[in-house]
Amino acid sequence: MLLRHTTSEVKEREGLTINPAKTCQPIGAMYAALGIHGCLPHSHGSQGCCAYHRSTLTRHYKEPVMAATSSFTEGASVFGGQANLLAAIDTIFSVYDPDIIAVHSTCLSETIGDDLQQITRKALDDGKIPEGKYVIYASTPSFIGSHVTGYANMVAGMASQFAVSTGEKKDQVNLVAGWMEPSDMRELKRISKEMGAKIVLFPDTSDVLDAPQTGKHVFYPKGGVTVPELKSTGDSKFTLALGCISAEPAAIALDKKCSVPFETVDMPIGLSATDRFIMALSKAAGVKVPDSITAERGRLVDVMTDMEQYFHGKKVALFGDPDQLIPLTEFLLDLGMKPRHIVSGTPGGRFDKRMKEILERAPGANFKNGLNADMFLLHQWIKNEPVDLLIGNTYGKYIARDEDIPFVRFGFPILDRIGHSYFPSVGYSGGLRIVEKILGVLMDRQDMTANEEKFELVM
Amino acid sequence: MEANKTYPDPSAIREELVQKYPAKVAKKRTKSIIINDPETVPEVQANVRTVPGIITQRGCSYAGCKGVVLGPTRDIVNITHGPIGCSFYSWLTRRNQTKPETDADANFITYCFSTDMQEENIVFGGEKKLKVAIQEAYDLFHPKSIAIFSTCPVGLIGDDVHAAAREMKEKLGDCNVFGFSCEGYRGVSQSAGHHIANNGVFKHMVGRNNEKKEGKFRLNLLGEYNIGGDAFEIERIFKKCGITLVSSFSGNSTVGQLENAHMADLNVIMCHRSINYMGEMMETKYGIPWMKINFVGAESSAKSLRRIAQYFGDEGLKAKVEEVIAEELPKVKAVIDEIRPRTEGKTAMLFVGGSRAHHYQDLFTELGMTTVAAGYEFAHRDDYEGREVLPGIKIDADSKNIEELKVEADPELYKPRKSEAELEALKAEGLEINGYEGMMKQMMKKSLVVDDISHYESEKLIEIYKPDIFCAGIKEKYVVQKMGVPLKQLHSYDYGGPYTGFEGAVNFYRDIDRMVNNPVWKLIKAPWETAAGENDGVLEATYAEA
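First to last, the protein sequences are chains G and E. The first sequence lines up with residues 1 to 459 when you count with the UniProt record's numbering. The second sequence lines up with residues 1 to 546 when you count with the UniProt record's numbering.
Right, here's the structure in full:
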């Protein structure tokens, strides 16, 4: 019993979070910044934050994750971190020569009130930023929101600090990627190409966090959205934000600065959300949906009809990030499954509203986000109403083992398996992968537990 | 260094490592990059601030306190007071294995507790929320102890975690509650957190239970955190030798063990950096001498056992230890004989931790491999140069902020385990008591010693030396491997291990053999990318480009 102290009695908690279903803003900002070509993320705070964020991202991607830190000690904490950041900018441009430094704050620098806008302005005025290079920033205090909010803030920072409106509209659509995997971003580019839609996708961590083994370490891998592309987003005819929590703030920023109209759709996970994405992209880019995409859809629906008996009525518990949970829950319902318990540590009313809408099809389901929406609560709910499947990040493996539940890893972080960064979960082919993974664990369970006389060769 | 390999002049390498830095940074880094001479050990600049903007291996004080020292004790509820991140990142990521004796025993290691501070707690203070959290933890789990860890903002807004702990301890009655001011900005690395943790454990836990455990040879194992089951192997060996392990700080340990530690007759220290404070304080207060030992490496394990037996001065124990060594070593030798022809002459670099970069050199030596460069992530000068330099180390502002406990002999419990004369006699026999000679005396002349190595410097070193294996942590792993060099993680062991003791040595030999001789390293270039005849020279071809 790995979680031997977890009891079924659910008591309201106010002070203590146990086994959180979220982490802090800066790691999201760091991940987003890696999706700009030639960018070195920089953590403005003490060293530990940067070390923890790099370690977690490295464990999730099994790839180099480069980032620098302001290395605060007590002095900087008392007198302010300006001197540290200015020194860091100097050191970074001399030693690591990035095109861009993307600075994010931490709870330490936020608590002492360091103003990143003012410090980066000063760096520019003091001539510390070489010609043609950039320092951008995002405010990401850890005592607000979650890692998802941090991602959203850095992506919004990219939009507001790079986008330029030249007055000449371009025939292109901005696609703002919510927090998703490099494989998902690669898939979005493939789908857009297949549809003939001209897009600028940002951020884009494909070819950065899934770089090939070449025998040579490339400090700034070939992937990532480029500065000219980011600048051009201000001239795009439309913005499509994928995810109301992690992507929409960037779309709003673009609209405010450069009057680019936008629409927010759910992250295209599963059948219905992908349908809506394809229609939105078709409309925004003014392109027809090609037969090849309709065929991809047909293959996903084909598998869903072929295998429906294995999904029907199965109870599911899931936890993770809101922009992923919303379409994923909807997909489970499309499959005929029963989402029962859902938690997301990330706070925000949008999640509540969307979940309520979606879960009208699943009366009695528990869901909670924000404070104390943690995995301890999820586990307690499961003890009260057991489920057939658990979906969530690696930390779910403890619940899965204790309660003997088939487990599909989905979300962030996944520290003990590979695949997430190579095989997409978005789009129709991503839907196929999710279906395959769910079927895999459910059928393995059936095979291992069936009575010998009931053991089936063909399923 | 190997006669058949030639390397550039080490001073030229040092130049090369710093030439890209701004002048002031270069000047500072030069003092931390040392060409070793084991005879007249040169001074290393260590335990100083990392230059802002440098990509460093280091973490923070919180990581050292909660993550390293307190984390592995299974029945403490460790509550992180702060925003959610710190507690999330230190949740199960250090591989501290533990084995409760029964299903009913407490084990909180798989849990993560946080006050998840919100903006309003930063503005109006978080003490109230902390006290609620302590109460909730108590009501849910009824633990013997609750420890509180301060994160960066807690120190800044002035939450008094110690007062909150005292108040709750009083209120709860049967639960020992105590706090740690281990905010991430304290000190210059994890090391500050180790010191803070030692002080707290010494003040709040050690000495609370005077029960005397049975056994003739009773010791504490300090600075062993049971990564990958290391402590399990040492426990096995001690048991076999008839040595009683009173407590282990803090791998596979319990609150009860730590509270009883002062009843042991010897402290043996594995990781000097993280816990030497505890050895010293226990000597002063209770009269227990300490000894630096090392159970990484088969020969080192044998040597450490012999030293323990020598300390106790018991002929029966000496004979038993020899019997155990005689039983264990042949199994190890059989594996060495098989593997060594494949590892002999290869080179390694180690840039990890505060003692590991020293200890693991023993295992490489047993494999016939040479350590060409090594350094610590968060050590102090004494870990490099030996404890004799301690009086000469100037205390800087970053260390002054860490409490130095005033420890005095306990009026009732102080009892010198060995008389002055006995200690002198042991020292005369060559037994090093209360001492540590550091890493550099063991390393070859002209090998490089680099403190707090940066990403840039490690990449340069790899280009220059082309080592066969590089040892560091997760943040470095894939960078180095992208360069075609296998990286062995010496914090998590790449989820292998244990590597201590005799069985651990065998595990390590097999892992290193697998890594340095893995066929995949020769498959990096596609056949169409490799010119005819260069198929087996992939690494050389790559480095020639650099």
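No residue lacks a Cβ here, since even glycine has one placed at the ideal position from N, Cα and C.
Buried or exposed (CB count within 10 angstroms, at least 16 for buried), G224(G)
Buried, since its Cβ has 16 or more Cβ neighbours within 10 Å.
On a CA-only basis, which of L92(E), V206(E), G313(E), T284(E) is nearest residue 590(E)? Give me that one, please.
No answer is possible for residue 590(E): it lies beyond the span of chain E, which begins at 1 and ends at 546.
Would you please verify whether the beta carbon of I144(G) is less than 8 angstroms from any beta carbon of chain E?
Yes, its Cβ sits closer than 8 angstroms to a Cβ of chain E.
Anticipated Cβ contact below 8 angstroms, V173(G) with I199(G), distance rounded:
With a Cβ gap of about 5 angstroms, V173(G) and I199(G) count as contacting.
Going residue by residue through the region 249-313 of chain E, where are the continuous alpha helix (DSSP H) segments of at least 4 residues, counting only ones entirely within it?
Listed in chain order, they are 255-260, 272-286, 298-312.
Minimum C-alpha distance to R94(E) - residue among P411(E), N107(E), P72(E), C86(E)
Here the closest residue by C-alpha is P72(E).
Taking C-alpha atoms, which residue in E412(E), K28(E), L305(E), S458(E) lies nearest to M483(E)?
Per the Cα distances, S458(E).
From the beta carbon of E16(E), is the nearest beta carbon of chain G less than 8 angstroms away?
No, its Cβ sits nowhere closer than 8 angstroms to a Cβ of chain G.
Is there a Cβ from chain E that is less than 8 angstroms from the Cβ of Q380(G)?
Not an interface residue.
How would you label S259(G), buried or exposed, when you count the other beta carbons within 10 angstroms and need 16 or more for buried?
By the neighbour-count definition (other C-beta atoms within 10 Å, threshold 16), S259(G) is an exposed residue.
V161(E) vs E183(E) beta-carbon contact at 8 angstroms
It is not a contact, given that the beta carbons lie outside the stated cut-off.
Give the range of the alpha helix (DSSP H) segment to which E194(G) is assigned.
Here the alpha helix (DSSP H) through E194(G) covers 182-195.
Can you name, in chain order, every residue of its own chain whose Cβ lies under 8 angstroms from the Cβ of Q489(E), other than the five neighbours on each side?
Excluding sequence neighbours, Q489(E) sits near C471, A472, G473, I474, K477.
For E540(E), the three-state DSSP class (helix, strand or coil)
In this prediction, E540(E) has a pLDDT of 48, which is less than 50 and means its spatial position is unreliable; what the coordinates show is noted afterwards. Helix at E540(E).
Apart from the five residues on each side of it in sequence, which residues of its chain come closer than 8 angstroms, Cβ to Cβ, to M515(E)?
Excluding sequence neighbours, M515(E) sits near I469, P486, K488.
Curious, which full-length beta strand (DSSP E) runs of at least 3 residues does the region 93-153 of chain G contain?
Counting only runs of 3 or more, we get 100-105, 134-138.
Neighbouring residues, chain G, relative to Y456(E) (Cβ below 9 angstroms):
Counting only Cβ-Cβ distances below 9 angstroms, Y456(E) has contacts in chain G at V95, Y96, in chain order.
Pop quiz: F351(E) and I462(E) are said to be a contact at Cβ under 8 angstroms. What is the actual Cβ separation, rounded to whole angstroms?
Rounded, the Cβ-Cβ distance is 11 angstroms, inconsistent with contact.
Report all residues from its chain with a CB closer than 8 angstroms to the CB of I252(G); omit the five preceding and five following residues, and keep chain order.
Around I252(G): A156, F262.
Using a Cβ-Cβ distance under 8 angstroms, would S72(G) count as near chain E?
In the sequence on display, residue 72(G) carries Phe and not Ser. It does: the Cβ of F72(G) has a partner Cβ on chain E nearer than 8 angstroms.
Using a beta-carbon distance below 8 angstroms, is Q45(E) in contact with chain G?
Interface annotation, Q45(E): not in contact with chain G, CB-CB separation never under 8 angstroms.
Whole-angstrom Cβ separation of S421(G) and R433(G), contact assumed at under 8 angstroms?
A Cβ-Cβ distance of about 13 angstroms is found for the pair S421(G) and R433(G), leaving them out of contact under the 8 angstroms criterion.
Going along the chain, which residues of the region 205-233 of chain G sit with their C-beta nearer than 8 angstroms to a C-beta in chain E?
Under the 8 angstroms Cβ criterion, the region 205-233 of chain G contributes A211, Q213, T214, G215, K216, H217, V218.
Chain E residues whose Cβ lies nearer than 7 angstroms to that of I112(G):
Simply L156.
For S189(E), I'd like the list of residues in its chain whose CB is within less than 6 angstroms of its CB, leaving aside the five on either flank, ordered along the chain.
If we look at S189(E) and ignore the five residues flanking it on each side, its Cβ neighbours are R58, F378.
Of the listed residues N401(E), V372(E), R218(E), H491(E), nearest to T6(E) (C-alpha basis):
Measuring from the Cα of T6(E), the nearest candidate turns out to be V372(E).
Got a sec: which bits of the region 34-49 of chain G sit with their beta carbon under 9 angstroms from any beta carbon on chain E, in order along the chain?
Closer than 9 angstroms at the C-beta level to chain E, one finds these residues of the region 34-49 of chain G: L40, H42, G45, S46, Q47, G48, C49.
Which of helix, strand or coil DSSP assigns to R409(G)
Strand, per DSSP.
Within 8 angstroms of any Cβ in chain B, is that where the Cβ of I18(G) sits?
Structure shown: chain B not included; protein chains present are G and E.
Length-filtered (3 minimum) beta strand (DSSP E) runs lying within the region 274-347 of chain G
With a minimum length of 3 residues, the continuous beta strand (DSSP E) runs that stay inside the region 274-347 of chain G are 315-319, 338-344.
Reference D171(G); option with closest CA among S236(G), F423(G), F351(G):
Here the closest residue by C-alpha is S236(G).
Can you confirm whether the region 58-74 of chain G touches the region 429-438 of chain E when touching is taken to mean that 3 or more C-beta pairs between the two stretches lie within less than 8 angstroms?
Output reads no: the region 58-74 of chain G does not touch the region 429-438 of chain E.
Do K22(G) and T305(G) have their C-beta atoms closer together than 8 angstroms?
Against a cut-off of 8 angstroms, the Cβ pair of T305(G) and K22(G) comes out as no contact.
For N393(G), count neighbouring C-beta atoms within 10 Å of its own C-beta (all shown protein chains included) and say buried if the count is 16 or more, exposed if not.
Its Cβ being crowded by 16 or more others within 10 Å, N393(G) is buried.
One question on the structure: do C86(E) and L108(G) come within less than 8 angstroms of each other, judged by their Cβ atoms?
At least 8 angstroms separates the beta-carbon of C86(E) from that of L108(G).
Grab the span of the beta strand (DSSP E) containing M349(E) for me, first residue to last.
From DSSP, the beta strand (DSSP E) with M349(E) extends over 347-351.
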